[in-house]
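Student: Chains as they are written, first to last, in the numbering used here: chain A, 3 to 251; chain B, 3 to 251.
Beta carbons are placed, not taken as given, at the ideal position from N, Cα and C, and that holds for glycine.
Only a predicted model underlies this, so the values are computations on that prediction, with no experimental measurement involved.
Can you read through this structure? Questions will come right after.
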DNA sequence: GTAGACACTTGATATGGATCAAATCGGACG
DNA sequence: CGTCCGATTTGATCCATATCAAGTGTCTAC
């Protein structure tokens with residue numbers, strides 16, 4: 003599949019957010035064409051992480067937030083007692099690390115779920131820039147408030163919904179995020195393991211597995227390992243009482 | 003009950019954040035003495051709400067965020083099906099409405115839990131000001147990321163902890179927030195009903211009640227209605243595995 | 001190709017907290 | 001001071017999901 007890449011630029015070399023296929027999802031979307039080079043001036047592009055590698059963890063001093071360029075990332079909080087709580091999954095175009103701005107260290111640990119490349123935005127430079135570009139500042143506020151809302155939605159899911167409802171909501175959320183990237187909203191491959199899904203949704207792995215097979219038996223989805231096909235989106239929306247918000251952020 | 007209020011200033015009259023007893027908790031803490039009047043220029047002070055009144059709800063177009071001056075506020079999401087999910091409690095010095103910046107409408111409903119006064123910060127003016135005062139901008143980012151972290155902590159509590167752990171964590175959080183305001187961290191009166199606690203923590207009212215009496219029988223707390231005395235904070239911290247963060251935000 | 005390790009599935013059983021039901025408390029108001 | 005209604009407590013029972021226990025599948029590395 004991955005044919006040899008002829009000249010992988012080590013990394014520096016000015017980024018061209020301009021030409022990035024994600025520019026309509028990522029920070030550039032809030033910036034005028036002619037200010038774009040100011041963002042390109044501060045971004046560090048081209049860092050690549052293999053599956054399982056940490057982008058940062060809770061002991062890393064906070065420096066930057068990261069945009070996912072390709073691949074995917076899971077963030078989680080590890081408690082003193084070593085328990086993990088997955089707090090989110092991040093796909094291309096999404097920004098990781100907004101939960102830590104102004105903290106000494108990152109508030110969570112970010113791990114690549116597959117081979118993943120990211121763009122890094124040093125926070126001091128980014129804050130300086132948002133001070134000059136009101137549109138960008140507004141967009142940052144918006145992204146952060148979205149993140150708060152998402153997290154509230156998650157809390158809601160965890161406290162009020164059944165296992166089936168939670169899983170349906172997750173599948174729908176992923177679906178709409180694939181769609182945003184002009185990929186199939188019904189056929190995709192889950193970037194995360196059942197374990198991560200279970201942890202994220204506050205369930206046992208066994209329960210996740212059972213719900214997947216139940217959905218499959220009902221003809222709502224087809225799943226083979228991480229490959230998923232949503233056969234009946236409406237049914238999923240029925241199952242998930244609280245689908246509205248999760249879907250159209 | 004509400005005796006006539008002799009001269010309630012309709013509202014204008016320039017605020018003096020300067021002299022506000024909460025200036026070390028609220029937005030002024032991020033502002034140089036000599037820039038403070040710029041914040042005072044944009045804040046609308048003196049709005050008062052009686053218990054049960056809405057500061058805003060999900061149909062209100064987003065205009066402002068609010069700082070609690072006295073009293074307390076509960077925020078919640080009301081779903082189409084009418085279910086409520088309490089997303090937070092806000093006490094003096096804390097900022098409400100950060101979850102909605104950049105949205106058309108408020109993402110939640112805010113209700114006064116008791117007689118409450120708030121300071122209103124129109125968001126357009128505030129964004130303009132944060133563009134000029136880097137310290138204030140930084141502080142806003144920090145507050146918002148704190149809110150994300152809090153919400154993640156809540157999600158964690160909901161998905162991993164028992165009823166006792168959740169309630170212990172809430173009591174400790176309230177305790178430290180009272181302490182921050184130089185009030186007793188061990189003797190206080192809960193601003194919210196058992197019902198709100200239950201909803202917030204994803205429990206049934208009955209369970210909350212039972213845990214309160216259990217804690218009481220164990221001599222950890224003393225509770226009579228909303229009056230609470232924490233007799234053994236260490237024991238509470240023991241009960242709540244995940245106390246660390248909740249306490250010292 | 002095979003060993004080992006991990007990811008996932010399936011089945012049987014246990015349990016924390018929900019739900020249902022009812023009593024008691026407490027405050028607002030006449 | 002008594003009434004009424006919502007808030008809180010207490011008790012009995014039930015259920016969704018965790019937990020425990022075996023498989024079975026699948027990927028990696030040698």
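1) According to DSSP, simplified to helix, strand and coil, what is residue 21(B)?
2) By how many angstroms is the C-alpha of residue 209(B) removed from the C-alpha of residue 73(B)?
3) Using a Cβ cut-off of 7 Å, pull out every chain A residue sitting near residue 161(B), in sequence order please.
4) State the DSSP-derived secondary structure class of residue 6(A), mapped to helix, strand or coil.
5) Among 26(B), 166(B), 109(B) and 159(B), which one has its Cα closest to the Cα of residue 67(B)?
6) Within the continuous beta strand (DSSP E) that includes residue 133(B), where are the two ends?
7) Please report how far the alpha carbon of residue 60(A) lies from the alpha carbon of residue 80(A), in whole angstroms.
8) Roughly how far, in whole angstroms, is the beta-carbon of residue 77(B) from the beta-carbon of residue 111(B), given that I think they are within contact range, below 8 Å?
9) In angstroms, rounded to a whole number, what distance separates the CA positions of residue 57(B) and residue 82(B)?
10) Could you run through the stretch 111 to 130 of chain A and flag, in chain order, every residue whose CB is less than 7 Å away from some CB of chain B?
11) For residue 101(A) and residue 198(A), what's the separation of their Cα atoms in angstroms?
12) So, are the CB atoms of residue 131(B) and residue 41(B) less than 8 Å apart?
13) Identify each residue in the stretch 71 to 101 of chain A for which the Cβ-Cβ distance to at least one residue of chain B is less than 8 Å, and report them in chain order.
14) Please confirm whether residue 175(B) has its beta-carbon closer than 8 Å to some beta-carbon of chain A.
15) Let me make sure I understand the geometry here. Which of 164(A), 174(A) and 144(A) has the alpha-carbon closest to that of residue 233(A)?
16) Buried or exposed for residue 53(B), please, with buried defined as at least 16 other CB atoms from any protein chain shown within 10 angstroms of its CB.
17) Residues of the stretch 136 to 159 of chain A in Cβ contact with chain B at a cutoff of 7 Å, in chain order, please.
18) Between the C-alpha atoms of residue 106(A) and residue 124(A), what's the straight-line distance to the nearest angstrom?
19) How would you call residue 95(B), buried or exposed, if buried means at least 16 neighbouring beta carbons within 10 angstroms?
20) In whole angstroms, what separates the C-alpha of residue 195(A) from that of residue 185(A)?
21) Measuring straight from C-alpha to C-alpha, what distance separates residue 224(B) and residue 182(B)?
22) Do you know whose CA, among 128(A), 226(A), 18(A) and 217(A), lies nearest residue 240(A)'s CA?
23) Provide the residue span of the alpha helix (DSSP H) that contains residue 112(A), from first to last.
24) Pop quiz: residue 277(A) and residue 146(B) are said to be a contact at Cβ under 8 Å. What is the actual Cβ separation, rounded to whole angstroms?
25) From the DSSP secondary-structure annotation, give me the bridge partner or partners of residue 1(B).
26) Going by C-alpha to C-alpha distance, which of 31(A), 162(A), 63(A) and 91(A) sits closest to residue 84(B)?
27) Please confirm whether residue 109(A) has its beta-carbon closer than 8 Å to some beta-carbon of chain B.
Tutor: Let me spell this out:
1) If DSSP states are grouped into helix, strand and coil, residue 21(B) belongs with the helices.
2) Rounded to the nearest angstrom, the two C-alpha atoms are 27 Å apart.
3) 87, 160 and 204
4) Any answer about residue 6(A) is weak, because its pLDDT of 45 lies below 50 and its placement is not dependable; what the coordinates show is given next. It is coil, neither helix nor strand.
5) 109(B)
6) Residue 133(B) -> not in any beta strand (DSSP E); alpha helix (DSSP H) instead, spanning 125 to 134.
7) 8 Å
8) 7 Å
9) 20 Å
10) Residues of the stretch 111 to 130 of chain A that bring their beta carbon within less than 7 Å of a beta carbon in chain B comprise 129, in sequence order.
11) Distance between the alpha carbons of residue 101(A) and residue 198(A): 20 Å.
12) yes
13) Residues passing the 8 Å Cβ filter: 79, 81, 82, 83, 85, 87, 89, 100 and 101.
14) False, the Cβ-Cβ gap to chain A never drops below 8 Å.
15) Ranking 164(A), 174(A) and 144(A) by Cα distance to residue 233(A) puts 174(A) first.
16) exposed
17) 136, 139, 140, 143, 144, 146, 147, 149, 150, 151, 153, 154, 156, 157 and 158
18) 14 Å
19) buried
20) 21 Å
21) For residue 224(B) and residue 182(B), the distance between alpha carbons rounds to 22 Å.
22) 217(A)
23) Per DSSP, residue 112(A) belongs to no alpha helix (DSSP H); it is in the beta strand (DSSP E), 111 to 114.
24) Because residue 277(A) is not part of the residues shown, which for chain A are 3 to 251, the question remains open.
25) As shown, chain B starts at 3 and ends at 251. That puts residue 1(B) outside it, with no answer to give.
26) 162(A)
27) yes
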